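From first to last, the protein sequence lines are chains W and Y. If you count the first sequence from 1, position 122 lands on 128 in my numbering, and the numbers rise without skipping. If you count the second sequence from 1, position 176 lands on 198 in my numbering, and the numbers rise without skipping. Structure first, then comments.
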Amino acid sequence: MPDRITLVTALQGAGWHPAAWRVAGPVAQRLSSLRHWRDVVVEQDRLGIEAVTIEDSFTAGPTAADHDLDTTTVVGRLDALLVANAVAPATRAVGLVPTVSVTHTEPFHVAMGLQTLDHVSLGRAGWRIQVSPTTREAALFGRRPGGDDAATLFDEAREAAEVVSRLWDSWDDDAIIRDVTTGRFIDRDRIHNAEYAGRHLSVHGASIVPRSPQGRPPVFALAHRADAAAFAVDAADVVLVTPGYDGREARDLLDEVRQIEQTAGSDVRRPVLADLAVLIGSSTAAAADELAALDGAAGSAYAGASDTSVLATTVPELVSLIGDLRGLGFAGVRLRPLRIPFDSTAIARQLVPALVTAGLRADVASRPTADLRTRLGIAPAVSRYASTPAGSVSVEVSA
Amino acid sequence: MSSKRQVHLAAHFPGVNNTTIWSDDRAESQIAFSSFEHFARNAERGFFDFLFLAEGLRLREQKGRIHDLDVVGRPNTLAVLAALAGVTEHIGLVGTLQTTFNEPVELAKQLATLDHLTDGRAGWNVVTSSDAFHGANFRRGGFLDHADRYTRADEFIALSRELWDSWQADAVVADTATGGALADGVFADRSRIHDVDHHGPQFDVTGTFPVPRSPQRHPVIVQAGDSDEGRDLAAANAEVIFSLHTEFDDAQAFYRDVTDRLERVGRSKDELQILPGATFVIGSSAEDAEERSNAIRRAQVSPATAIAFLEQVWNRDLSSYDVDGPLPTIEPDHEGAAISRGRARHTRDVPALVQSWRDLAEAEHLSIRDLVIRASTRGGFVGTASHIAAEIDRYVQERATDGFVVVPHTNPYGLDEFVDTVVPLLQERGVYRQSYDEGATLRQTLDLPGTIRDRSAAARTAAAAGPARAAASAGVLA
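Below, the structure is given as structure tokens:
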């Protein structure tokens with residue numbers, strides 16, 4: 007049984023505001039260290055956040071107006087999948103959801119890496135699937151010109167998601183038999199080759215990683231546009247929408263996802279999370295002042311650059327907003343803290359208890375340990391190769 | 023302080039061949055992280071230089087089906103090493119990673135990340151392959167000619183070094199010591215981040231590398247190939263060679279050969295450590311060790327494994343043969359496609375090998391299983407702990423090796439006995455560390471030179487000139 011509100015925290019650099027590093031203190035100097043990431047993620051874990059997402063890209067950072075790297079903000083990053091693996095042993099319950107792009111990365115590596123995260127974290131892995139549309143990224147690989155249209159990139163990503171899903175299913179739960187009598191370690195009839203040949207990708211063999219605790223870690227996709235929403239419904243288990251972007255309202259975005267699900271003939275109602283960028287202050291006025299100071303230091307208002315709503319807010323206001331979103335049918339929110347660790351700490355230490363008090367979440371102590379799919383309210387992953395027992399219709403019942 | 027040469031040890035996580043005895047009562051999961059954690063912590067308890075992980079990108083097959091007699095399945099190398107970064111403090115973490123089925127910017131990003139996450143304890147065992155069998159799992163397929171795989175590996179390493187060098191150590195400025203106020207200035211100094219503009223036969227890579235300079239700048243480069251090209255690649259690039267040469271005279275010859283090759287490319291032997299992989303069977307007496315070794319060999323060569331081993335050489339289905347009976351009289355099949363795929367070939371001269379086995383089996387009345395046990399026994403050390411410690415010391419003092427990669431028989435406890443019994447004796451001999459140096463990088467732990475020669479100085483000068491970089495960026499973004 008999932009909590010009544012799912013809380014996900016989106017981690018990136020010193021936070022989502024381009025000037026966030028200016029208030030981070032010594033943390034700004036160690037954004038590439040395990041210590042920093044462990045500190046931040048352990049805090050989310052201890053206070054009961056469902057999951058953290060970790061952003062990634064092959065670029066060093068955003069570009070400025072002159073198209074060159076913008077070094078007034080945080081540049082340089084670590085590989086998100088590896089960061090997630092590195093913090094896994096220090097955490098107990100939080101889901102770990104790295105961004106892994108499929109435009110340039112081999113789906114075979116994607117599948118193995120996430121399965122390994124699921125093994126290491128004992129069932130807490132998730133995957134934020136993403137495409138890499140920029141020519142900057144393409145030039146770092148030098149294998150394709152870049153500048154592919156969105157339709158092509160999403161089409162390729164659908165194939166990648168399918169391949170990854172097949173690889174995740176390729177080992178049955180009971181493939182390892184360790185049968186000393188016959189000398190067989192595995193029953194090879196319980197391992198299935200992916201045998202995928204699509205328009206963009208082909209992968210023949212089975213995964214080299216035995217089936218992971220969740221089987222298929224939940225897939226997250228950001229649906230900030232209609233084509234992205236269609237992709238999310240095809241490829242993902244959890245859909246992130248961005249209210250306030252492009253004039254869209256939360257209610258419409260949720261309706262759109264449900265509409266696409268219906269059109270696609272899907273009878274699964276995916277958990278939909280509202281993506282919100284937040285700066286949490288002691289009062290609304292104080293929060294607004296702090297955001298204005300950051301915007302001033304950055305030279306422009308972050309709200310103009312973000313692909314979702316940017317809120318200078320307080321804990322009570324957020325509780326109220328989240329309650330409203332819940333009323334609309336949202337499963338929860340993914341919060342992008344503008345400042346790490348300030349706002350990520352506020353989410354864990356202030357927002358979570360306030361949501362408990364408001365009856366929107368169970369207290370962390372009373373929450374059972376569960377894998378990430380369960381915590382998100384997603385059904386267990388049944389392998390596509392799972393067979394129904396033969397002859398089950400003709401069972402004789404003895405008196 | 024002793025002036026004796028110091029022994030370097032590495033720990034090989036038990037792999038997916040029949041060296042690893044999965045049928046042992048204490049054998050645990052080859053995939054559970056708890057196994058990796060125990061193994062790594064134990065190696066760190068024994069002050070090993072590094073933990074070593076192999077890799078295979080397709081499940082091995084025999085007669086067209088997945089080979090099911092050995093351990094099957096393992097984690098993604100980089101991911102599990104990153105997780106081990108979270109539970110270790112001193113030991114190096116070395117992964118085997120392909121240059122054929124990876125792209126330089128991606129692998130360089132991951133290795134630089136691992137080096138950050140470990141505070142400078144990352145290493146990369148560079149391997150190449152070219153076959154369509156593995157290629158079938160990748161969108162690019164098995165596209166490389168055999169001859170090109172080392173060409174690609176060479177350029178891959180050179181390009182990776184360019185990427186790792188592209189951020190200067192002082193590129194991140196982030197002066198936040200402004201006492202509560204918003205910090206001024208830039209996060210990073212753009213003039214200290216140099217775009218890469220690489221155009222070679224294998225790769226065209228342009229742009230800014232995403233990862234700031236890591237503690238070691240480059241992970242320690244390990245090489246295991248034993249062919250002529252492999253040895254040249256090692257001489258040119260490697261800092262550790264994981265060799266197969268464990269017989270004393272052979273090891274000394276290899277050591278001299280590598281030393282000569284290093285000199286030919288202007289490097290010194292001090293820049294590279296040679297560590298053969300070896301197994302160790304420890305007993306309370308020489309007889310006890312011999313008995314344990316025999317038991318281990320029988321466990322490693324089950325009846326089904328003995329037949330499978332012969333099939334790899336005969337290249338035929340031999341499943342109807344009795345393992346306790348004589349060798350097949352039928353001749354090996356030279357014509358057919360290989361029935362074993364995904365592993366290194368045992369030999370090229372099959373007729374000579376088969377003849378030597380037949381002679382040996384006849385002379386000593388060996389059954390198939392006995393013969394396979396004999397034929398598949400590679401160099402290893404069998405004896406009391408003090409005998410083994412003395413042998414390791416002798417190999418190192420007499421420059422047959424610089425140490426060993428210890429390959430245990432069982433997962434995850436196979437290293438424990440070595441750590442408990444042999445390590446203290448090496449310490450007593452004054453040839454092995456009593457503790458790690460606090461904060462040492464893997465390169466320092468290996469007693470390798472701490473500085474990396476700046477191979478891309480020319481490229482950096484060109485990039486720093488400014489107009490060249492601007493032109494390159496404009497070209498990419500146009």
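Beta carbons are placed, not taken as given, at the ideal position from N, Cα and C, and that holds for glycine. What you are looking at is a predicted structure, and each value in this text was computed from that prediction instead of being measured.
Check, Outcome
"If I'm right that T432 of chain Y touches I43 of chain Y with Cβ under 8 Å, what's the distance once you round it to whole angstroms?", "5 Å"
"Suppose the cutoff is 8 Å on Cβ atoms and the five residues either side in sequence are ignored; what does the same chain contact list for P322 of chain W look like?", "A360"
"Between S362 of chain Y and chain W, is any beta-carbon pair separated by less than 8 Å?", "no"
"Taking the alpha helix (DSSP H) that Q220 of chain W falls in, what are its first and last residues?", "First-last for Q220 of chain W: undefined, no H or E at that position."
"Taking its Cβ as the centre, do 16 or more other Cβ atoms sit within 10 Å of Q322 of chain Y, making it buried, or is it exposed?", "buried"
"Return the residues of the region 90 to 104 of chain Y that lie within a Cβ-Cβ distance of less than 7 Å from chain W, sorted by chain order.", "D90, L91, D92, V93, V94, G95, R96, P97, N98, L100, A101, V102 and A104"
"If we count the other Cβ atoms within 10 Å of its Cβ and call it buried at 16 or more, is T319 of chain W buried or exposed?", "buried"
"Which complete alpha helix (DSSP H) runs does the region 232 to 301 of chain Y hold, if anything under 4 residues is left out?", "250 to 259 and 270 to 286"
"Please report the Cβ distance between A66 of chain W and T230 of chain Y, rounded to the nearest whole angstrom; I am assuming they are in contact, meaning their Cβ atoms lie under 8 Å.", "4 Å"
"Using a Cβ-Cβ distance cut-off of 8 Å, determine whether S171 of chain W contacts chain Y.", "no"
"In angstroms with no decimal places, state the Cα-to-Cα distance between F426 of chain Y and F72 of chain Y.", "11 Å"
"Among the candidates W:A99, W:D179, W:A299 and W:Y308, whose CA atom is the shortest distance from the CA of R381 of chain W?", "W:A99"
"Check G31 of chain W in the structure and name its three-state DSSP category.", "helix"
"Report the rounded CA-to-CA distance for Y251 of chain W versus A294 of chain W, giving the unit in angstroms.", "20 Å"
"At a CB-CB cut-off below 9 Å, which residues of chain W make contact with P325 of chain Y?", "G189"
"Tell me R363 of chain Y's beta-bridge partners as DSSP assigns them.", "Y:E83"
"Taking the C-alpha atoms as reference points, what is the distance between A462 of chain Y and T314 of chain W?", "44 Å"
"Along chain Y, in chain order, which residues have C-beta atoms closer than 9 Å to that of H23 of chain W?", "Those do not exist, as H23 of chain W stays about 11 Å from chain Y at its closest Cβ, beyond 9 Å."
"With a CB to CB cut of under 7 Å and the five nearest residues on each side skipped, what residues in its chain are close to P272 of chain W?", "Reading the sequence as shown, one finds Ser at residue 272 of chain W and not Pro. Closer than 7 Å at Cβ, skipping near neighbours: V239."
"Any beta-carbon of chain Y closer than 8 Å to the one on D112 of chain W?", "The sequence shown places Glu at residue 112 of chain W, rather than the Asp named in the question. Chain Y, which has a Cβ nearer than 8 Å to the Cβ of E112 of chain W, makes this yes."
"Listing by chain order, which chain Y residues have their CB less than 8 Å from the CB of R194 of chain W?", "R87, I88 and D90"
"Among Y:V227, Y:A105 and Y:S408, which has the Cα closest to the Cα of L448 of chain Y?", "Y:S408"
"For Q120 of chain Y, write down the residues that DSSP places opposite it in a beta bridge.", "Y:V149"
"Could you check where the alpha helix (DSSP H) with T122 of chain W kicks off and where it finishes?", "P113 to V126"
"With DSSP run on the structure shown, which of helix, strand or coil describes A293 of chain W?", "helix"
"CB A20 of chain W to CB L40 of chain W, shorter than 8 Å?", "no"
"Could one say the Cβ of H168 of chain Y lies closer than 8 Å to chain W's Cβ atoms, at least one of them?", "no"
"I'd like to check one pair, D90 of chain Y with D192 of chain W: are the Cβ atoms closer than 8 Å?", "Residue 192 of chain W is actually Ile in this sequence, not Asp. In contact: I192 of chain W and D90 of chain Y (Cβ atoms closer than 8 Å)."
"For H138 of chain Y and chain W, any beta-carbon pair shorter than 8 Å?", "yes"
"When you check each C-beta in the region 27 to 46 of chain W against every C-beta of chain C, which residues fall closer than 7 Å?", "Absent here is chain C; the protein component of the structure consists of chains W and Y."
"So which residues of chain W does T122 of chain Y contact, with C-beta pairs closer than 9 Å?", "Ordered by position in chain W, no residue passes the 9 Å Cβ test against T122 of chain Y, which lies about 11 Å from the chain."
"Take the Cβ of L13 of chain W as the centre, count every other Cβ of all protein chains shown within 10 Å, and call the residue buried at 16 or more, exposed below.", "buried"
"Counting along the chain, where does the beta strand (DSSP E) carrying S107 of chain W start and finish?", "G101 to S107"
"For R171 of chain Y, does the three-state DSSP call read helix, strand or coil?", "helix"
"Would the region 86 to 105 of chain Y and the region 150 to 161 of chain Y be scored as touching if the rule is three or more Cβ pairs under 8 Å?", "no"
"For R190 of chain W, which residues of its own chain have a beta-carbon under 7 Å away from its beta-carbon, when the five flanking residues on both sides are left out?", "I183"
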